[in-house]
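Scroll down for the structure; my scribbles are underneath it.
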Amino acid sequence: MFGFVINKLKNRKWLNLCLLMGVALFIALFVCHPMFEKGAGNQILDRLFTDHATQQNEFPAQMSREGTYAVEDYPDSKSVLDKLSGYEQKWTEYVDINKVSSQQLITLSGGRADTEFGGLNNYFTIGYLPGLSEYADVVKSQTDTATFECSISEKTMDHYGLVAGEKIYLHVPDGSGKKEISFVISQICREKDINDPYWARKLSDMGDVIFVSQDVFDEMMQYYSEDNISYSDFLMLDYRQINTENASLYDGYMEQFKDADKLYNDNIRDTLGSFFTQQKTIKLMLWALELPCLVLLILFIRMISVQILSLEENDILVLRSRGATKLQVFILYLQQSGIIAFAGCVLGIILGYIMCRAAASTDGFLRFTAKDIGTYKFVWQMLVYAVAAAVIMVLFITVPVWKKSKDAISERSSRGRISKKKPLWEKCFIDVILLALSAYLLYNYNKQKSMLAISVLENRGIDPVMILDNSFFIFAAALLCVRLTGLIILLVDRLFKKHFSPAMYASFLQLKRTRYNQGFLAVFLIMTVAGGIFDANMARTMNSNMEKRIVYNVGCDAIYNEDFRLRIQYNKDGSVNWMYDEPDFGKCESLKNEGICDCVTRVIEDERVDISAGSGSVSDAYLMAINTKEFGETAKLQSDQNDDINDAHWFNYLNELAKEPDGVIISSNLAKDLGLKVGDSLNYSRYVPEAVGDDQIYASENAKVCAIVKAFPGYERYTYETDADKNVTEQEKYLIVANYATVVEKFGMTPYSVWMNLSKGKTVDDIVGYLGCENSGDNDIKTTEIYKKLTSAKQLIDENKNSATVQITNGMFTLSFILSLIVCSVGFLLYWVMTLKQRELQFGIYRAMGMRMREVKAMLLNEQIFLSFLPLLAGAGIGITATAMFVRLISIIYLPQKHNIGVNVYIYPSDMLELAGVLFVAVAVCYVVISRLLKSMKIAQALRLGEDS
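This is the structure in structure tokens:
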């Protein structure tokens, strides 16, 4: 039996190889899912932890406990530290992640103190920090063996004006009243590396603590009548060991820790909560993006399997006539499909791994890179998916055999006729119903755009139907085109039947007889072409709009945020004086001399500005103070962005501002809300730095409105805020642009950022390299720190391209497009070759009746026009229509934020040319093959074939 099955496969090896290709691609796409899902999930986790560290300025995987212990239960520091270490051991027993570092601090409440050089009634806390000597540097030191030695942080030194060697007289309770203890400041400390994981709480965050040794701390405990000792314990874990496999388990353990211990806390669960939401979105997106491609492959496999089955009808009838039961025939073909599925399973796993890695390496549509894709690895679930896909394929290929195997040889003639029965979908107008449903869904989703955008921003997941709606539309439009093509054939036949040549008459006769059977090919071609066009346009639109928004938001090639030191003086009368020390701007200006930048300029930015005019006022406006000439040479506003939004080129607005030293440019929403127009006056005020104290306006300035803009480099009109319940609200930001010199004169020197326009061929790396060399003498400034201070459009674009959502979309659209080209070309060629083979007898009869070869070719060309060219053109039209209808809606998933720049649809001619080129080659090859087959046909052989049959 097995040898018989192998021989059957060999007899039609090319068809079975094509079937194997389709099965392997189907299994490969199936297998991609778990690998892509796990890889993207790990990528999201890594990104979330990294973003948390950047945004919250803390180590992203901390477990902590803060509280107090009774002194009578824990009489010395060692007992307290041992207890804290016990908690850490218990945590890591369940959350099995390597420990990175641990920070334990124990304190006594301290008391009021006087200082040797005039400080009175200050409050200090006595603390012991075990890792202080290891993780902190001594800035200044002075020893005094006559008194207890202590260390303080630089912040405490600055705040109280203390110096090394100064004594602190601390008044502490000793049970019988107050007792004075003298400490001498032996060391002033600061962190060796403030970014070291150990510094979960930095020295500046620990309050007014005077740090002592463990022996001194234990001795201090004897002086106190306090009942409790305070502690804080921070355990830092290696977040790289948290992945999609263990994230849910560890999250459950940490929830149990919190339920059992109210003093327990961590910053990991919030990150994992965001991950679980995004993971759900990734799963939905993957299935929504894979489903159209899977359907396309199923159509391809069905087309081939039907062709094979039609060629083997006689074999089935012979087997049945010789006594084989339906079950035996079914098992025979089950073995045949099982062999193909097994081979496809092996190839599919290998191909799926390669496809997933290739898709993950994309950073744009059809753009493969050599970037790090280490998170995308082989996972055991791929085997399960491969087996499931193989079983589906076996059933899909084999089940139709059961119906074919139930007839006897006597019933062959009735079954062999061409079916003229109208398909169910055409009878029930399924195409019209699906088209109406797709239009309704589109209308409904468009009405809910704002809600959908907020849902995406709140990480509440996406509706997969929103992504699949375009596939419904393409499928329904394909069915409608098949219906219309049939009507066109009937109409042309009725109008011109009397004028047809014999070849044309025979051609249209064939078209009318087989139009229901040939509709499958038309649907296949339309869906392939339309899907390929839509995938290309969707990917291009997403990537182009993201890049243009990032370039607009940054406003120039690169921005360097200088370090400004804030000096604060607290006066005895309660007032506070402050000023900023401006860093050396000359090193940035020298970038021009080195040929790294064409221009650099200083830009003061402040988002805490109040503006008033007449009886109206607004708060939290965005102030930009610029040098108009330098800013115009440095900043960028792409011409298409400006022309789409502003009424004139933005240089005109800079010119108006340059004419008025006290003038300002304002945003259109500010002008609308305050009823302002060009020439009107307004007043804007600024607040003292947040580090100085509460919100307090320290200066105001009157200004004249010189221009009103809708878009300006670096100005994002819409912002989004998240409350404690993680609800997102949209808010508008107001813009006011003033002259740099005026702002500095009126408000004093405040922090600014340096905007840079890179010279041709230069990159951010050149800036970092030069600034690193300039600061090589200062050990505190490192290359990594310079990178952190730099923001560049290219850097943000690269980060965005590497985000999991964008990477999945680019990868899947690229795979879908490539598979569409392959499947369409192979399927088209194979279908027509097999059709020609099946009609060999018919063509032999036509030739015997005197029809010339040229007429036979003309007949086939006419059939190709209606069955191939029209569907291909319809597919192109449907793809472009779907692009216009659905791209802006689906873009909400990737661009949910409202922006100054609307979403523009991008259609790259190169993509259309690639698709058209491949299809042209496929059609040309098909026609050449058909021509050769026709030439090789022998009339006598065809007629003998007819007699034998």
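Residues in the sequence shown are numbered consecutively from 39, following my numbering. Every residue gets a Cβ at the ideal spot worked out from N, C-alpha and C, and that includes glycine.
| task | Taking Tyr207 as the reference, give the member of Gln180, Arg150, Val250, Phe249 with the closest Cα. | result | Stepping through the sequence shown from its first residue, residue 207 is reached at position 169. Taking only the C-alpha atoms, the option nearest Tyr207 is Arg150.
| said: Here's the rule: buried if 16 or more other CB atoms are within 10 angstroms of the residue's CB, otherwise exposed. What is Phe155? | reply: Locating residue 155 in the sequence shown gives position 117, where the first residue counts as 1. So Phe155 counts as exposed.
| field | Under the three-state DSSP convention, the category His209 falls into | value | Your numbering for residue 209 matches position 171 in the sequence shown. Here His209 sits in strand by DSSP.
| Coarse secondary structure for Trp616, derived from DSSP in three states | Position 578 of the sequence shown, counting from 1, holds the residue named residue 616. Correct three-state label for Trp616: strand.
| request: For the region 321-329 and the region 498-512, state whether three or more C-beta atom pairs, one from each stretch, are separated by less than 8 Å. | output: Contact holds: three or more Cβ-Cβ distances are below 8 Å.
| task | Out of Gly752, Val743, Tyr722, point me to the one whose CA is closest to Val592's CA. | result | Here residue 592 refers to the residue found at position 554 of the sequence shown. Among Gly752, Val743, Tyr722, the Cα nearest to that of Val592 is on Gly752.
| query | Can you give, in chain order, each stretch of the alpha helix (DSSP H) that sits fully within the region 205-278 and has at least 4 residues? | reply | As for any alpha helix (DSSP H) of minimum length 4 sitting wholly inside the region 205-278, the runs are 252-261, ordered along the chain.
| message | Only counting the same chain, and skipping five residues up and downstream in sequence, which positions put a Cβ closer than 7 Å to that of Ser476? | response | Residue numbering aside, residue 476 sits at position 438 when the sequence shown is read from its first letter. Answer for Ser476: Asp507, Phe510, Phe511, Ala514, listed in chain order.
| Would you say Ser139 and Leu170 are within 8 Å of each other, going by their C-beta atoms? | Here residue 139 refers to the residue found at position 101 of the sequence shown. Here residue 170 refers to the residue found at position 132 of the sequence shown. In this structure, Ser139 lies away from Leu170, with their beta-carbon atoms at least 8 Å apart.
| query | Alpha carbon to alpha carbon, how far is Cys56 from Arg890? | reply | For the purposes of this step, residue 56 is taken as residue 18 along the sequence shown, with counting starting at 1. For the purposes of this step, residue 890 is taken as residue 852 along the sequence shown, with counting starting at 1. If you take the alpha carbons of Cys56 and Arg890, they lie about 33 Å apart.
| request: Leaving aside the five residues before and after Ile835 along the sequence, list all residues of the same chain whose C-beta is less than 7 Å from its C-beta, in chain order. | output: Residue mapping note: residue 835 aligns to position 797 of the sequence shown, counting from 1. When the five nearest sequence neighbours on each side are left out, the beta carbons in the same chain lying within less than 7 Å of the beta carbon of Ile835 are those of Glu585, Ile588, in order along the chain.
| query | So, is Asn631 buried or exposed, given that buried needs 16 or more other C-beta atoms within 10 angstroms? | reply | Translated into positions along the sequence shown, residue 631 becomes position 593. It counts as exposed.
| request: Could you say which of Leu146, Ser539, Ile232 lies nearest to Asn900 if we only look at CA atoms? | output: Within the sequence shown, residue 900 is the residue found at index 862, counting from 1. For the options Leu146, Ser539, Ile232, the alpha carbon positioned closest to that of Asn900 is the one of Ser539.
| task | Would you decide whether Ile466 is buried or exposed? Buried here means 16 or more other CB atoms lie within 10 Å of its CB. | result | Here the question's residue 466 lines up with position 428 in the sequence shown. According to the sequence as given, residue 466 is Cys; it is not Ile. When all chains shown are included, Cys466 counts as exposed.
| task | Grab the span of the beta strand (DSSP E) containing Ile703 for me, first residue to last. | result | Taking the sequence shown and counting its residues from 1, one reaches residue 703 at position 665. In the DSSP annotation of this structure, the continuous segment of the beta strand (DSSP E) that includes Ile703 starts and ends at 701-705.
| task | Measure the beta-carbon distance from Tyr772 to Asn707 and round it to whole angstroms, keeping in mind my assumption that it falls under 8 Å. | result | For the purposes of this step, residue 772 is taken as residue 734 along the sequence shown, with counting starting at 1. For the purposes of this step, residue 707 is taken as residue 669 along the sequence shown, with counting starting at 1. Yes, Tyr772 and Asn707 are in contact; Cβ-Cβ is about 6 Å, under 8 Å.
| query | What's the C-alpha gap between Asn45 and Phe855? | reply | As a first step, residue 45 must be located in the sequence shown, where it is residue number 7. As a first step, residue 855 must be located in the sequence shown, where it is residue number 817. Going from the Cα of Asn45 to the Cα of Phe855 covers about 36 Å.
| message | Here's the rule I'm using: 16 or more other beta-carbon atoms within 10 Å means buried, otherwise exposed. How should Gly888 be labelled? | response | As a first step, residue 888 is located in the sequence shown; it is residue number 850 there, counting from the start. By the Cβ-count criterion, Gly888 is exposed, with fewer than 16 other Cβ atoms from all chains shown falling within 10 Å of its own Cβ.
| My guess is that Phe162 and Ile248 are in contact by the Cβ rule of under 8 Å, so how many angstroms apart are they, rounded? | For this step, residue 162 is matched to residue 124 along the sequence shown. For this step, residue 248 is matched to residue 210 along the sequence shown. Correct: roughly 5 Å between the Cβ atoms.
| Between His90 and Thr309, what straight-line distance do the alpha-carbon atoms span, to the nearest angstrom? | Position 52 of the sequence shown, counted from the first residue, corresponds to residue 90. Position 271 of the sequence shown, counted from the first residue, corresponds to residue 309. Whole-angstrom Cα-Cα distance: 8 Å.
| message | Using a 10 Å radius around the Cβ and a threshold of 16 neighbouring Cβ atoms, would you call Ala749 buried or exposed? | response | By 1-based counting over the sequence shown, the position of residue 749 is 711. Buried: at least 16 other Cβ atoms inside 10 Å.
| field | DSSP three-state assignment for Asn484, whether helix, strand or coil | value | As a position in the sequence shown, residue 484 is number 446, starting the count at 1. Reduced to three states, the DSSP call for Asn484 is helix.
| said: Looking only at its chain, what residues have a beta carbon closer than 6 Å to the beta carbon of Leu953, apart from the 5 residues adjacent to it on each side? | reply: Looking up residue 953 in the sequence shown gives position 915. Here the set comprises Gly570.
| task | Classify Ser653 as buried or exposed, calling it buried when 16 or more other Cβ atoms lie within 10 Å of its own Cβ. | result | Along the sequence shown, one-based indexing puts residue 653 at 615. Around the C-beta of Ser653, fewer than 16 other C-beta atoms lie within 10 Å, and the residue is accordingly described as exposed.
| So is Trp237 buried or exposed if we call it buried at 16+ other beta carbons inside 10 Å? | Looking up residue 237 in the sequence shown gives position 199. Counting other Cβ atoms within 10 Å of its Cβ, Trp237 reaches 16 or more and is therefore classed as buried.
| In angstroms, rounded to a whole number, what distance separates the CA positions of Thr666 and Val792? | Here residue 666 corresponds to residue number 628 of the sequence shown, with the count starting at 1. Here residue 792 corresponds to residue number 754 of the sequence shown, with the count starting at 1. Looking at the two C-alpha atoms, the distance is approximately 14 Å.
| said: Within a Cβ cutoff of 8 Å, which residues of the same chain sit near Val943, ignoring the five residues on either side of it in sequence? | reply: Here residue 943 is taken as the residue at index 905 of the sequence shown, counted from 1. Result list for Val943: Asn575, Thr579, Thr921, Ala922, Val925, Arg926, in chain order.
| query | If you compare alpha carbons, which of Asp256, Ile939, Gly524 is closest to Leu675? | reply | In the sequence shown, residue 675 corresponds to position 637, counting from 1. Of all alpha-carbon atoms in Asp256, Ile939, Gly524, the one lying nearest the alpha-carbon of Leu675 is that of Ile939.
| query | Comparing alpha-carbon positions, which option in Arg307, Glu293, Leu146 lies nearest Gly245? | reply | Taking the sequence shown and counting its residues from 1, the one referred to as residue 245 is at position 207. Measuring from the Cα of Gly245, the nearest candidate turns out to be Leu146.
| Is it true that the CB of Val61 sits closer than 8 Å to the CB of Met431? | For this step, residue 431 is matched to residue 393 along the sequence shown. For this step, residue 61 is matched to residue 23 along the sequence shown. Taking 8 Å as the Cβ cut-off, Met431 and Val61 qualify as a contacting pair.
| field | C-beta contact flag for Asn497 and Thr282 at 8 Å | value | Numbered from 1 along the sequence shown, position 459 holds the residue referred to as residue 497. Numbered from 1 along the sequence shown, position 244 holds the residue referred to as residue 282. Against a cut-off of 8 Å, the Cβ pair of Thr282 and Asn497 comes out as no contact.
| said: So for Trp793, helix, strand or coil by DSSP? | reply: Here residue 793 is taken as the residue at index 755 of the sequence shown, counted from 1. Note: Trp793 maps to strand in three-state DSSP.
| said: Just list the residues that DSSP pairs Glu643 with in beta bridges. | reply: For the purposes of this step, residue 643 is taken as residue 605 along the sequence shown, with counting starting at 1. Met662, per the DSSP bridge assignment.
| Cα-Cα, which of Lys240, Lys217, Pro235, Phe186 is closest to Thr194? | Walking along the sequence shown from the start, residue 194 turns up at place 156. Considering only alpha carbons, the answer is Lys240.
| request: Identify whether Arg970 lies in helix, strand or coil by the three-state DSSP scheme. | output: What you label residue 970 is simply residue 932 of the sequence shown in a count that begins at 1. Arg970 falls in the helix class under three-state DSSP.
| Does the region 384-392 come close enough to the region 412-424 that 3 or more CB-CB pairs lie under 8 Å? | A contact exists between the region 412-424 and the region 384-392.
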